[in-house]
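Novice: Please see the structure below; I have some questions.
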Amino acid sequence: MSKKKIVYVGLSADIMHEGHINILKTAKKYGTVVVGLLTDEAIASYKNIPHLDFKRRKIIVQNIKYVEKVIAQKTLDYVPNLNLIKPDFVVHGDDWKTGVQKKTRERVIKTLKRWSGKLIEPKYTKNISSTIIKNKIKQIGSIPQNRVSRLRRLMMSKNIVRILESHNYLTGLIIEKLKITKKGMITEFDGMWSSSLTDSATKGKPDNSSSFSSRISSLKDMMDVTTKPLVFDSDNGGEIKYLSFLVKSLERSGVSAIIMEDTIETKKNSLFKDLKKTKQENPILFAKKIKKVCKTRQSKDFLVIARIESFVLGKGLNDALKRAEIYSKAGADAILIHNKEKTANQIFTFAKKFKNNKNFIPLVSVPSKYYKVNEKNLINNGFKLVIYANQLLRAAYPAMEFVAKKILQNTGSFEIEKKIIPIKKIINLIQND
Ligand code: SPV
Ligand code: MG
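Right, here's the structure in full:
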């Protein structure tokens, strides 16, 4: 009797639909079906992380009657798994002949040739794809629990999580929708930063701890039109006795993380030159605030990120390291090591030292002043999250002022009309249903 043929099917299987079933049914006709289920990391390497994590997706695929076995596919590239099981056939929908997976397909064909394996490509099932379903889900909106946990999952699956400042609903929509394809990978922002600086500047007020209720009310509308995670800048979190109310409010709104800085008294933005009146909190007292957040939060998916101001306030590396250890022991999920130097040298030295500490937790960077740094440098130096904290507001303000000036100069808007987007484009940006 001839040995049963092995058929390999690589799947993400985030949102299962009849297209997947067609593929698996076809695969079964050729032999015993082994599914290579892409890990969250593998999916994150070329597009956004899946809605369901690996474990949940595995349970679903394992229980489909055409499937014999599920193994993990740890890269978008099929080759490591193909070499491992040397299948007689690989089955994949013909949609990957173009787009981000084109190269992956070519490598599959080349590898299979080595043992005379064959690629079978059933016609792509029309009018259905995970992307179509995901877009429909987006229109319905995202429930808070899913949004909250998404940041932790992103941090576990990606080299670096990329967050951009959002000070109103339109900037929220840019972060939500903007995607570019770069070297065959879909690149986008992973979430939004609710900045005390840009939120207060948008309201024409100084960045000096405006009320949390006003901050939260402006982010609520942003949450209505977006689904990506949001990181909240809480300044120093306010008085410890009110902290639990803030945490509950944030969690209820679907916020994924709170960032608290270790300062007290007169709040001034960290990027100011004269910070004489700003004092750093006693680290033991600040650790109590971290513990309070940990105790209050409903779910560990809501992250508490401790922001260390030692470098900003002229204290040295040792002070920063001592604080990082204390905050980590108190339960912080990550450390934002802030800096207003022109280079990242100081924070990279900090990262190198802190890496050796057994209480190491992921690091966050806000490269507003040391803007020459890029994400590759940050990844190489152990950073897991980057926050572009104010760039969109800095871009919008001069553009608006320029247009206003031109209207004044020309006593009319004719000259400027071609330089601004048509109203139709604005209307199309907003979903009406
Ligand atoms: C903010 O964006 O409000 C911040 C970052 O807290 S910084 O402006 O650098 O203090
Ligand atoms: Mg701030």
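Basically my numbering = 1-based index in the sequence shown + 15.
Positions of the beta carbon are idealized from the N, C-alpha and C atoms, including for glycine.
It should be emphasised that the depicted structure is a prediction, and the values quoted were computed from it without experimental measurement.
Can you give me the C-alpha to C-alpha distance between A59 and S172, rounded to a whole angstrom?
Specialist: So the alpha carbons of these two residues sit roughly 6 Å apart.
Novice: Taking the DSSP output, what are the residues bridged to E180?
Specialist: Bridge partners of E180: W208.
Novice: What does G14 pair with, by DSSP beta-bridge criteria?
Specialist: Since the first residue of the chain shown is 16 and the last is 448, residue 14 is not available in this structure.
Novice: Among the residues of its own chain, which have a CB less than 6 Å from the CB of D348, if the five just before and after it don't count?
Specialist: So the list reads L318 and V319, once near-sequence residues are dropped.
Novice: Which runs of the alpha helix (DSSP H) at least 4 residues long sit entirely within the stretch 330-417? Give them in chain order.
Specialist: 332-345, 360-370 and 390-395, all fully within the stretch 330-417.
Novice: Excluding the 5 residues preceding and the 5 following M31 in the sequence, name in chain order all residues of the same chain whose CB lies nearer than 7 Å to its CB.
Specialist: Taken in chain order, the residues that qualify are I75.
Novice: Short check: CB of I178 to CB of L408, under 8 Å?
Specialist: Contact flag unset, no.
Novice: So what's F69 in DSSP terms, helix, strand or just coil?
Specialist: F69 falls in the helix class under three-state DSSP.
Novice: Please report how far the alpha carbon of K304 lies from the alpha carbon of L336, in whole angstroms.
Specialist: Computed Cα separation, rounded: 18 Å.
Novice: Across the stretch 228-236 and the stretch 206-220, are there enough close Cβ pairs to call them in contact, namely three or more that are closer than 8 Å?
Specialist: Cβ pair count under 8 Å is three or more, so yes.
Novice: Would you kindly check if the distance between the Cβ of I422 and the Cβ of S428 is under 8 Å?
Specialist: Cβ distance < 8 Å, so S428 and I422 count as in contact.
Novice: With DSSP run on the structure shown, which of helix, strand or coil describes K421?
Specialist: Correct three-state label for K421: helix.
Novice: Indicate the three-state DSSP secondary structure (helix, strand or coil) for M200 in the structure shown.
Specialist: In this structure, M200 counts as strand in the three-state DSSP scheme.
Novice: Under DSSP, the alpha helix (DSSP H) around R322 begins and ends at which residues?
Specialist: Looking at the DSSP string, R322 is not in any alpha helix (DSSP H); the run it does join, the beta strand (DSSP E), is L318 to I323.
Novice: Do D277 and the ligand SPV come close, with the Cβ less than 7 Å from some heavy atom?
Specialist: No, the beta carbon of D277 sits no closer than 7 Å to any heavy atom of the ligand SPV.
Novice: Just to confirm, does T186 get its C-beta within under 7 Å of one of the non-hydrogen atoms of the ligand SPV?
Specialist: Outside the cutoff, so no.
Novice: Can you tell me whether L444 is helix, strand or coil according to DSSP?
Specialist: Helix.
Novice: Is DSSP giving E136 helix, strand or coil here?
Specialist: In this structure, E136 counts as coil in the three-state DSSP scheme.
Novice: In terms of alpha-carbon separation, which member of L378, I299 and Y386 lies closest to K344?
Specialist: The residue with the shortest Cα to Cα distance from K344 is I299.
Novice: Where DSSP assigns a beta bridge to T213, which residues make up the other side?
Specialist: Partner(s): none; T213 has no beta bridge.
Novice: Work out the CA separation of D277 and E324 for me, nearest whole Å.
Specialist: Each residue's Cα considered, the two are about 6 Å apart.
Novice: Compute the distance between the beta-carbons of G51 and S144, then report whether it is under 8 Å.
Specialist: Cβ distance not < 8 Å, so G51 and S144 don't count as in contact.
Novice: Span of the alpha helix (DSSP H) holding L169?
Specialist: Run containing L169: P159 to S172, per the alpha helix (DSSP H) assignment.
Novice: Is it true that the CB of N284 sits closer than 8 Å to the CB of D222?
Specialist: Yes, they are a contact pair.
Novice: Less than 7 Å between the CB of S211 and some heavy atom of the ligand MG, yes or no?
Specialist: Yes, the ligand MG has a heavy atom inside 7 Å of this Cβ.
Novice: Do V246 and S271 have their C-beta atoms closer together than 8 Å?
Specialist: Yes, Cβ-Cβ distance for V246 and S271 is below 8 Å.
Novice: Nearer than 7 Å: is that true of the beta carbon of L265 relative to any heavy atom of the ligand SPV?
Specialist: It does not: the Cβ of L265 is nowhere closer than 7 Å to a heavy atom of the ligand SPV.
Novice: Beta carbon of F238, beta carbon of S268: below 8 Å?
Specialist: It should be pointed out that residue 238 corresponds to Met in this sequence rather than to Phe. Contact flag set, yes.
Novice: For chain B, find out if any of its Cβ atoms is closer than 8 Å to the Cβ of N405; answer yes or no.
Specialist: In the structure shown, chain B cannot be found, because there is only a single protein chain.
Novice: Specify whether the stretch 69-84 and the stretch 106-123 touch according to this definition: at least 3 beta carbon pairs, one from each stretch, less than 8 Å apart.
Specialist: Flag = no, the stretch 69-84 and the stretch 106-123 do not touch.
Novice: Is S314 near the ligand SPV - that is, is its Cβ less than 7 Å away from at least one heavy atom of it?
Specialist: No - the ligand SPV has no heavy atom lying nearer than 7 Å to the Cβ of S314.
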